[in-house]
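Novice:
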Amino acid sequence: MKFTTTFLHLLLIFATDAVYGSHNYATVATNGQPFPWAERRLPDNIFPVHYNLLIHPNLTTLKFTGSVKIEVDVTHNTNTVILHSKHLQIVKASIEDEMDDSSLGVALQVLEYPPHEQIALLSANTLLAGKKYFVYLSYAANLSEGFHGFYKSTYPSKGGETRILASTHFEPTSARMAFPCFDEPAFKANYSITIRRGAEHIALSNMPKVKTVHLGDGLYEDHFDISVRMSTYLVAFIVCDFKSVSKMTSTGVKISVYAVPDKWNQTHYALEAAVKLLEFYEKYFNIYYPLPKQDLVAIPDFQLGAMENWGLTTYRETSLLFDPQTSSVSDKLWVTLVIGHELAHQWFGNLVTMEWWNDIWLNEGFARYMEIVSVEATYPELQADDYLLGTCFAAIGRDSMNSSRPITTAAESPTEINEMFDTVSYEKGACILHMLRSYLSKDVFQSGIVRYLRKYSYRNAKNEDLWNSMANTCSDEDFTSGEFCYSSNQAFKNRYKYGGEHLDLKTMMNTWTLQKGIPLVIVDQQDNIVRIRQERFLRGIFPTDPVWPSLQEGYLWHIPLTYITSNSRNIQRHLLETKSGVIDLRGNVSWIKFNTDMNGYYIVHYEGDGWDKIIKLLKENHTLLSHKDRTHLIHNAFQLVSAGKLSLDRALDLLLYLRFETHNVPLLQGLGYLETIFRMIEKAGNPDVAQNLKNYILKYFQDVIDKQTWSDEGSISDRRLRSEVLNLACDFDHPMSVKKANELFKEWVRSNGTLSLPTDVIMMVYSVGAKSAEGWDFLLEKYKISLSGAEQSKILSALINTKDVDKLLRLLHMGMKEDTIRMQDLPSAIYSVAINPVGHSLAWNFVKKYWNELVEKFELGSNSIRTIIIGTTSHFSSKEDLNEVKMFFESIKEHSSQLRATQMCLENIEKNIRWLERNLETLKTWLLKNIMGF
Ligand SMILES: [Zn+2]
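For the sequence shown, the positions run -21 to -1, 1 to 913 when mature numbering (1 follows the signal peptide of the UniProt record, and there is no 0) is used.
#1: If we ignore side chains and look at the alpha-carbon of each, how far apart do S102 and Q12 end up?
#2: Under a three-way DSSP split, which group does E200 fall into?
#3: For a test of the three-state rule: what should DSSP assign to T881, helix, strand or coil?
#4: Between E150 and the rest of its own chain, which residues show a CB-CB distance below 7 Å, the 5 nearest in sequence each way excluded?
#5: Please confirm if the stretch 887 to 896 is in contact with the stretch 406 to 424, defined as three or more CB-CB distances below 8 Å between the two stretches.
#6: Are R20 and E96 touching if we call contact CB-CB under 7 Å?
#7: According to DSSP, is L906 part of a helix, a strand, or is it coil?
#8: Considering only residues of the same chain and omitting the five flanking positions on each side of V189, which have a CB-CB separation below 7 Å?
#9: On the DSSP bridge list, what partners appear for E91?
#10: Beta-carbon within less than 6 Å of S418's beta-carbon, same chain only, minus the 5 sequence neighbours each way: which residues are those?
#11: I'd like the span of the beta strand (DSSP E) that includes E617, first residue to last.
#12: State the DSSP-derived secondary structure class of D444, mapped to helix, strand or coil.
#13: Report the option in E360, D241, A616 whose CA atom is closest to the CA atom of D302.
#14: Report yes if the C-beta of A346 is less than 6 Å from at least one heavy atom of ligand 1; otherwise report no.
#15: When the Cα atoms are used, what is the spatial distance from S690 to T228?
#16: Looking at ligand 1, does it come within less than 6 Å of E343, judged from the CB to the closest heavy atom?
#17: Check each candidate in W570, R295, Y679 and name the one with the smallest Cα separation from F126.
#18: State buried or exposed for A749, treating a residue as buried only when at least 16 other CB atoms are found within 10 Å of its CB.
#19: Nearest-angstrom Cα distance between P187 and P271?
#20: Look up P15 in the DSSP assignment and say whether it is helix, strand or coil.
#21: Ordered along the chain, which non-local residues of its own chain (more than five positions away) have a Cβ less than 6 Å from that of L653?
#22: May I have the straight-line CA-CA distance separating Q325 from E334, to the nearest angstrom?
#23: In this structure, does DSSP put H854 in helix, strand or coil?
#24: The alpha helix (DSSP H) spanning S426 covers which residue range?
#25: Short of 7 Å in beta carbon distance, which residues of its chain neighbour S853, apart from the five on each side in sequence? Order them along the chain.
#26: Go through its chain and collect everything with a Cβ distance to L899's Cβ below 6 Å, but skip five positions before and after it.
#27: Under a Cβ-count criterion, where at least 16 other Cβ atoms within 10 Å of its own Cβ denotes burial, should R416 be classed as buried or exposed?
#28: If you count every other CB in all the chains shown that lies within 10 Å of the CB of N56, and 16 or more means buried, which is it?
#29: Whole angstroms is fine: what's the gap from M380's alpha carbon to I174's?
#30: Measure the beta-carbon distance from residue 956 to V568 and round it to whole angstroms, keeping in mind my assumption that it falls under 8 Å.
#31: Could you have a look at H29 and say whether DSSP puts it in helix, strand or coil?
#32: Please check the pair Y118 and I61, which I expect to be a contact at CB under 8 Å, by giving their CB distance rounded to whole angstroms.
#33: Looking at the structure shown, is R801 part of a helix, part of a strand, or coil, going by DSSP?
#34: Apart from the five residues on each side of it in sequence, which residues of its chain come closer than 7 Å, Cβ to Cβ, to L790?
#35: When we look at the beta-carbon of P525 and count the other beta-carbons within 10 Å, is it buried (16 or more) or exposed?
#36: Can you check whether the CB of L32 is closer than 7 Å to the CB of F158?
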């Protein structure tokens, strides 16, 4: 059965009576009158029930007009209606009550308070509690120039003319830029949307179109069906001239993929994937997708990866379109994961929404996790499961810094809310859900989330609602039939595996969501006795530092430990709820490995001769451990070096087994660390050490490099390895690889760019080709005319690989002026320029110079601004750099003091300085010793 009914739940959400009605007349409206509401959050005296919204964009003047009639319920008597509005020019406002059948009420005075993006409608008559009213507003505005609200996007047609479209992006707080509304996630309502457009365009919205009315003068009005009950940030509409492909799912949902007409032929893979993934979710969640259709639309200008608007998901072109000629296997994985992510949101986020932005991880952590679960189930050949390790490593990278934050963090202003969309909400959220799933078992986890989704459908939820649903695996039907709900056999079985007495999930999970950071589990094994203790894991801060005790105080996690030993590779379990504990292994055990397959969110350190045993084990028989365990050991060892717990030469010794490694994941993890160290040393001005490290990498991995073919053959794993290894080899000027890439590039140029290259090696062929002036120019011309986003992003990376500083600056200016390079691609271009050894100070100076323009375009607190700040400073490793960055942030204090990213970036530079101080000499000595070994 499908849900299309209207749910009219009265939500009693935020404020207590004490907050309600608080009048602080210090807030002054734009006209000088007192503004009657001082809080950022709206009062709880009025609730929207239904919006009737009419929007008319003019794609020539780039303006739009709108009107909205909002049916509201009043719960406390009041004379004011406070709602959100940003950059809208209100033309008229009125209020009618249910009985009033005159078409419009008396015009009301409207006060504006821009700091809180609110307006107040002042009514002479008191609006009475328990009654229903209709708020009517008409307004006008410009289409937004950035990527939020109702914004303009353009693309060139084949004939070279510029086509314009208008699309929306509202999450988290930009619905108020398109229509006056109660713009908070808990104010759910139904929407009836009408869009006016010209004959040359189509209009799309969350629901299917029910009729089109011809208004004359080439103007049409599309009426869309009434929506399900949803939050403002999920409303969406688009006016464009796109083409689409469609297909029905087995349960009768019409899936369509839209793109600009010339890219129509790149939509087919997304259509197939969306059908499969939607069918998967309907089964997994055991809840039908409640709308009759799902449109997936590739928007030419899009700041992020994609957006989950209900029934009308929007994507960056590279997140949705797949071109068999130029999209690599990694591009395919990316497109599939993004679709899996947005479709997961149709349940997690859209059907059940977090009560407030402080719990955005309930949306994003779940979607990030479910994208992996769903793609693993529907496209096993893509090996999405391996991607989870990288996800958790990214989370740890952020969370092991003191500037991290708890998953659930207070966020009130739009900037603070924007900053919640970060690695902690997404990646850490996904990793702790993965830990919970392996703790509870797959079945219990699944039935817990089904229960949660059913119970809170069309409503809002908090953290603890999830834990309660998870801990209690019975369905509502079980409750009514009087069954005992902790009795799920599976839950019991797992509980006993941990030796726990009760399943207190809330207490356990609060240690992961309400305190920041990640635990370090220190293991001391003496024969069969294993002593374990936990502390907070911190990189770049050591126990000898005076701040250490204060940074450790009060931290304690409930850690579901898993381990295997030399005696048994069956997973053993132990729940560590205290600072320390002892495990008696029984029998003679030579080695032990904790955090099996990295199913838990913690780092492990093996004290005494623990690491020696592991290094020996990997050298002698690495296949006794799974590839995930091997990857996890490599990761842990290098993390421990940054924390001062393990010396660098031990971590490097551990990598020596990689000579025998055949699995791409641990191999790439090890190579990745060596490459990162190389980049840092190179930029820190140690050319001799850098050269030695480069020589070492090329010699040590020579067999792996030589084995690669310049083709698209093999499994996904082979193909990903090929791309990464050959890319590194070309970057390091490996003669054979550079020669091959040059040959292919010449052939490609001779064919005038029509020759179809193997997709896995296109990147290196372009990069090597871009080293010559003619090659660079040829690629830039090709960039301008390419219809494939996948190809364009490969070309842009190649162009940025040049060692010519003037060319790099030219590219950045092109992005800034939106000449050839789209503004949406500027943050990643700045990031790539910063990675280039000749470009890092250029990128930083560019950011300083254009800071105000960048903030205006991408919004303070956004992921793009974070990419720009972190990306341009992540390689800084000297005290001079640190002072320089500090001085810049001081000069933009108004912005920087509001941002977490600035703290993160300073802490990161301090960490780099300490890393070099501690490890440079060790690295030098180790390299000399080991290069001799060849
Ligand atoms: Zn998401």
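No residue lacks a Cβ here, since even glycine has one placed at the ideal position from N, Cα and C.
Note that the coordinates shown come from a computational prediction; the quantities given were computed from them, not determined experimentally.
Specialist: Here's the rundown:
#1: Taking the first residue of the sequence shown as 1, we reach residue 102 at position 123. Taking the first residue of the sequence shown as 1, we reach residue 12 at position 33. When rounded, the distance between both Cα atoms is 15 Å.
#2: Counted from its first residue, the sequence shown places residue 200 at position 221. Strand.
#3: Taking the sequence shown and counting its residues from 1, the one referred to as residue 881 is at position 902. In this structure, T881 counts as helix in the three-state DSSP scheme.
#4: Taking the sequence shown and counting its residues from 1, the one referred to as residue 150 is at position 171. Correct list, in chain order: Y212, M286.
#5: Output reads no: the stretch 406 to 424 does not touch the stretch 887 to 896.
#6: Counted from its first residue, the sequence shown places residue 20 at position 41. Counted from its first residue, the sequence shown places residue 96 at position 117. Taking 7 Å as the cut-off, the beta carbon of R20 is found no closer than this to the beta carbon of E96.
#7: Numbered from its first residue, the sequence shown carries residue 906 at position 927. Secondary structure of L906 (DSSP, three-state): helix.
#8: One-based indexing of the sequence shown puts residue 189 at position 210. Its chain contains H202, F203, D204 as the residues whose beta carbon lies nearer than 7 Å to that of V189, once the 5 sequence neighbours on both sides are disregarded; these appear in chain order.
#9: Here residue 91 refers to the residue found at position 112 when the sequence shown is read from its first residue. Among the bridge pairs identified by DSSP, E91 is matched with I98.
#10: On the sequence shown, residue 418 is found 439 positions in, with the first residue counted as 1. Sequence inspection shows Tyr at residue 418; the Ser mentioned does not correspond to that position. Here the set comprises P539.
#11: Taking the first residue of the sequence shown as position 1, residue 617 is located at position 638. Per the sequence shown, residue 617 should be read as Phe rather than Glu. Where F617 is concerned, there is no enclosing beta strand (DSSP E), although the alpha helix (DSSP H) it sits in stretches over 606 to 621.
#12: Along the sequence shown, one-based indexing puts residue 444 at 465. D444 falls in the helix class under three-state DSSP.
#13: Within the sequence shown, numbered from 1, the residue matching residue 302 stands at position 323. In this structure, D241 is the residue among E360, D241, A616 with its C-alpha nearest to the C-alpha of D302.
#14: The residue labelled residue 346 in the question sits at position 367 within the sequence shown. Taking the Cβ of A346 as the reference point, at least one heavy atom of ligand 1 falls within a distance shorter than 6 Å.
#15: Walking along the sequence shown from the start, residue 690 turns up at place 711. Walking along the sequence shown from the start, residue 228 turns up at place 249. C-alpha separation (whole angstroms): 35 Å.
#16: Reading the sequence shown from its first residue, position 364 is the one you call residue 343. Because some heavy atom of ligand 1 lies under 6 Å away, the Cβ of E343 counts as near it: yes.
#17: Against the sequence shown, residue 126 aligns to sequence position 147. The shortest Cα separation from F126 among W570, R295, Y679 belongs to R295.
#18: To locate residue 749, count along the sequence shown from 1; it is residue 770. Result: buried.
#19: Taking the sequence shown and counting its residues from 1, the one referred to as residue 187 is at position 208. Taking the sequence shown and counting its residues from 1, the one referred to as residue 271 is at position 292. Each residue's Cα considered, the two are about 7 Å apart.
#20: Position 36 of the sequence shown, counting from 1, holds the residue named residue 15. The answer is coil: DSSP assigns P15 none of H, G, I, E or B.
#21: As a working mapping, residue 653 is identified with position 674 in the sequence shown. Correct list, in chain order: I676.
#22: Within the sequence shown, numbered from 1, the residue matching residue 325 stands at position 346. Within the sequence shown, numbered from 1, the residue matching residue 334 stands at position 355. Those two C-alpha atoms are separated by around 16 Å.
#23: Here residue 854 refers to the residue found at position 875 of the sequence shown. Three-state result, H854: coil.
#24: Within the sequence shown, the letter at position 447 stands for residue 426. For S426, the uninterrupted alpha helix (DSSP H) run begins and ends at 421 to 434, by DSSP.
#25: Position 874 of the sequence shown holds residue 853. Cβ neighbours of S853 beyond the five flanking positions: N887.
#26: For the purposes of this step, residue 899 is taken as residue 920 along the sequence shown, with counting starting at 1. There are no such residues.
#27: The residue you call residue 416 lines up with position 437 of the sequence shown. A residue is called buried once 16 or more other Cβ atoms fall within 10 Å of its Cβ, and R416 is buried on that count.
#28: Residue numbering aside, residue 56 sits at position 77 when the sequence shown is read from its first letter. The residue is exposed, with fewer than 16 neighbouring Cβ atoms inside 10 Å.
#29: Your numbering for residue 380 matches position 401 in the sequence shown. Your numbering for residue 174 matches position 195 in the sequence shown. Distance between the alpha carbons of M380 and I174: 48 Å.
#30: Since the first and last residues shown for the chain are -21 and 913, residue 956 lies out of range.
#31: Working through the sequence shown from its first residue, we reach residue 29 at position 50. H29 falls in the strand class under three-state DSSP.
#32: Residue 118 sits at position 139 when you count from the first residue of the sequence shown. Residue 61 sits at position 82 when you count from the first residue of the sequence shown. Wrong, their Cβ atoms sit about 16 Å apart, outside the cutoff.
#33: As a first step, residue 801 must be located in the sequence shown, where it is residue number 822. Here DSSP, grouped into helix, strand and coil, assigns R801 to coil.
#34: Mapped onto the sequence shown, residue 790 falls at position 811. Same-chain partners within the cutoff: L778, I779, I800, A808.
#35: By 1-based counting over the sequence shown, the position of residue 525 is 546. Counting every other CB atom within 10 Å of its CB across the protein chains shown gives P525 a total below 16, marking it as exposed.
#36: For the purposes of this step, residue 158 is taken as residue 179 along the sequence shown, with counting starting at 1. For the purposes of this step, residue 32 is taken as residue 53 along the sequence shown, with counting starting at 1. Yes, the Cβ-Cβ distance between F158 and L32 is below 7 Å.
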